[in-house]
Amino acid sequence: MTMMRSKSFFGMGQPGLEYTPVPAGIHRPEPIQPAGPVTLLHLRPPEEKAIPALKIGAAVKAGQRLSLYGTSDYVTAPVTGAISALAPFPGSFGRSYTAVTIAPAQVGVHDDALLQVHQTPSLAVALDFLDATPGLPGLQRLADAERPIKTLVVCGVDQDLLVFTQQYVLGARGHDIQAGIRVLQQIAGIQEVIILTRKEAVQGYGHIIGRVMGVDHRYPSALPPLVMAGLFGKVVPAGRTCEDLGFCFMSAEAVASIGSAFSTGVVPVNKLLTVIPKNGVPRLVEAPIGTPVGDVLKRFTVTISAGDRIVTGGPMRGTAVFSLDYPVQADTDALLVLDSTAAANVSDYPCINCGECVRVCPARMQINLLVRYLEAGKYEDAEESYDLNSCVECGLCSFVCISKIPILQYIMLAKHELARMRSTETP
Ligand code: SF4
Ligand code: SF4
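Per this note's numbering, residue 81 is the first one in the sequence shown, and the count goes up by one each step.
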């Protein structure tokens, strides 16, 4: 499996900068089964010599929690079978993973550990079983006593253009979402629930607990910091998070997964994703987490030629991957394939100070100056003098940059490096 790298992707002509509603012809997801092994990406702890607790050959069941290093993070086996490989996997921005490959053996066999305890929901149970579930709920955010979450924001909107995965879930899985909200209220002391949907679609969610609020159809209004400012009138200060202000944004799919898990005792393992093949006709598919993207694309007889680009996520914020073995992950909401003729490459051109990036930036950052510090690796200066932490990661600057500078990728790398430096400085 080759390394995944982040690369700017902004070459698909001129996509309208408006979110895409669920297309009229999409009624249900198309199920996809992996043709062979599945692979899970388990974040490695910082210690160089982390030794996996799981071994090659170990039997696993679908829904089983697999903690490789005795840390609080884990992956969930999406199939029943045996671990067939464990290998280092370099991720983007210097992240280190271990790729856990599982060869499926039996269909229909599921781990029953949650079944024993699902009728008495608690945050501890949710953290133990559901933190890697489809939609990636980020349950640790609900467990911080110093930063209590009062408001749960259920995101039935998508975070990127062309993607309609979360909108579909909000429309199709109201029963599971309702169950998930009840559980989260019970286990995490949530006081207020807000359901985010498109402004044009605020009607029809009366069966789900919570206040329904509509997000503007123009990108990037659905990104959490912009929702905080635009809908709730709360500005998230630079370097702080929505959680610092007591708000937790969780995808509709994550909430539905939690609801379904506590209702049935079965850990969900299938991810929904919008697939946009080269012909541009979008599909909605459902595949076990860990399914290679090549197996998903085979379903649509997509041939990948030299120069084509595969992007996980949408056109503005997605990440290019360079192997068909790259797996669908718990938060992979979309898979986009670009023909080589449509895929724009980054360039080595310098910034020409045109100011386009500054004009489009919703955070009103001086990007033309910031980018010089980022290119030179002067991340602390970029943070102190040019508001690095105000960036909401919308990608509009990269989209408009005439020199095709991968500005968003520079920003994400800088944020990651600063966080890494600080975590190693912490005694
Ligand atoms: S990604 Fe670019 S345009 Fe968007 S907020 Fe960050 S700096 Fe501004
Ligand atoms: S859009 Fe690109 S070239 Fe223009 S000022 Fe911004 S970084 Fe420089």
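Even glycine gets a Cβ: it sits at the ideal position worked out from N, Cα and C.
Spatial distance of residue i from residue j (CA atoms)
{"i": "D256", "j": "I338", "result": "8 Å"}
{"i": "C328", "j": "R278", "result": "19 Å"}
{"i": "Q258", "j": "P430", "result": "51 Å"}
{"i": "L493", "j": "C474", "result": "15 Å"}
{"i": "I267", "j": "T119", "result": "31 Å"}
{"i": "R182", "j": "K378", "result": "In the sequence on display, residue 182 carries Ile and not Arg. Spanning the two alpha carbons is a distance of roughly 20 Å."}
{"i": "N469", "j": "G319", "result": "5 Å"}
{"i": "V273", "j": "R298", "result": "24 Å"}
{"i": "V355", "j": "S176", "result": "27 Å"}
{"i": "L416", "j": "T399", "result": "10 Å"}
{"i": "D419", "j": "F402", "result": "14 Å"}
{"i": "L264", "j": "I270", "result": "7 Å"}
{"i": "V155", "j": "S147", "result": "7 Å"}
{"i": "A104", "j": "P357", "result": "18 Å"}
{"i": "T421", "j": "N359", "result": "13 Å"}
{"i": "A157", "j": "A142", "result": "5 Å"}
{"i": "G254", "j": "D192", "result": "25 Å"}
{"i": "V438", "j": "F312", "result": "25 Å"}
{"i": "V180", "j": "E127", "result": "18 Å"}
{"i": "G93", "j": "I131", "result": "Any reading at G93 needs caution, since the residue's pLDDT is 40, under 50, leaving its predicted position unreliable; the model's value is listed next. Cα to Cα, G93 sits roughly 47 Å from I131."}
{"i": "L325", "j": "P372", "result": "38 Å"}
{"i": "L166", "j": "P217", "result": "25 Å"}
{"i": "P95", "j": "C471", "result": "Here the model assigns P95 a pLDDT of 46, short of 50, so the residue's position is not dependable, and the following value carries that caveat. Their Cα atoms are separated by approximately 22 Å."}
{"i": "E98", "j": "N350", "result": "28 Å"}
{"i": "T231", "j": "G290", "result": "10 Å"}
{"i": "A309", "j": "L276", "result": "14 Å"}
{"i": "I487", "j": "R389", "result": "19 Å"}
{"i": "I482", "j": "P407", "result": "33 Å"}
{"i": "V140", "j": "L134", "result": "10 Å"}
{"i": "F169", "j": "R124", "result": "9 Å"}
{"i": "A456", "j": "I163", "result": "43 Å"}
{"i": "E333", "j": "E366", "result": "12 Å"}
Contact test: residue i Cβ vs ligand 2 heavy atom, cutoff 7 Å
{"i": "I482", "result": "yes"}
{"i": "K475", "result": "The residue asked about is misnamed: residue 475 is Gly in this sequence, not Lys. No."}
{"i": "I487", "result": "yes"}
{"i": "C441", "result": "no"}
{"i": "V451", "result": "yes"}
{"i": "C235", "result": "no"}
{"i": "A359", "result": "Here residue 359 is Asn; the residue named in the question, Ala, does not match the sequence. N359 Cβ: outside cutoff for every heavy atom of ligand 2."}
{"i": "N433", "result": "yes"}
{"i": "N469", "result": "no"}
{"i": "N448", "result": "yes"}
Distance cut-off 7 Å: residue i Cβ against heavy atoms of ligand 1
{"i": "G394", "result": "no"}
{"i": "D330", "result": "Position check: residue 330 holds Met in this sequence, whereas Asp was assumed. It does not: the Cβ of M330 is nowhere closer than 7 Å to a heavy atom of ligand 1."}
{"i": "M445", "result": "yes"}
{"i": "I491", "result": "yes"}
{"i": "V472", "result": "yes"}
{"i": "C437", "result": "yes"}
Exposure of residue i, with buried meaning 16 or more beta-carbon neighbours within 10 Å
{"i": "T82", "result": "With a pLDDT of only 34 at T82, under 50, the local geometry of the prediction cannot be trusted, and the value read off the model is given with reservation. Exposed, by the Cβ-count rule."}
{"i": "V361", "result": "exposed"}
{"i": "H190", "result": "buried"}
{"i": "V234", "result": "buried"}
{"i": "S503", "result": "exposed"}
{"i": "I491", "result": "buried"}
{"i": "K129", "result": "exposed"}
{"i": "V335", "result": "buried"}
{"i": "I136", "result": "exposed"}
{"i": "V187", "result": "exposed"}
{"i": "G393", "result": "buried"}
{"i": "F90", "result": "Confidence in F90 is poor, its pLDDT being 39 and thus under 50, which makes the residue's placement too unreliable to answer from."}
{"i": "T213", "result": "buried"}
{"i": "G178", "result": "Strictly speaking, residue 178 in this sequence is Thr, with Gly absent from that position. Buried, by the Cβ-count rule."}
{"i": "P111", "result": "exposed"}
{"i": "F252", "result": "Per the sequence presented here, residue 252 reads as Ala, with Phe not at that position. The residue is buried, with at least 16 neighbouring Cβ atoms inside 10 Å."}
Sequence-distant residues of its chain with Cβ nearer than 6 Å to residue i (five each side left out)
{"i": "T100", "result": "L242 and F244"}
{"i": "L194", "result": "F209, G345 and V347"}
{"i": "I106", "result": "L364"}
{"i": "P184", "result": "V159 and G161"}
{"i": "A115", "result": "D375"}
{"i": "V450", "result": "Looking at the sequence provided, one finds Leu at residue 450 rather than Val. Correct list, in chain order: A462 and Y466."}
{"i": "Y453", "result": "D461 and A462"}
Close-in-space but distant-in-sequence residues of the same chain around residue i (CB under 8 Å, 5 per side omitted)
{"i": "V282", "result": "V292, M293 and G294"}
{"i": "L203", "result": "L219, L222, A223, I267 and A268"}
{"i": "L207", "result": "S152, L219, Q220 and A223"}
{"i": "V382", "result": "P357, K358 and V417"}
Ligand 4 heavy atom lying under 7 Å from the CB of residue i
{"i": "G284", "result": "With respect to ligand 4, the structure offers nothing, as its ligand set consists of ligand 1 and ligand 2."}
Neighbourhood of residue i by C-beta distance below 7 Å, restricted to the same chain and skipping five residues each side
{"i": "N433", "result": "N448"}
Beta carbon proximity, residue i to chain B, threshold 8 Å
{"i": "V408", "result": "Within the model displayed, chain B is absent; a lone protein chain is all it includes."}
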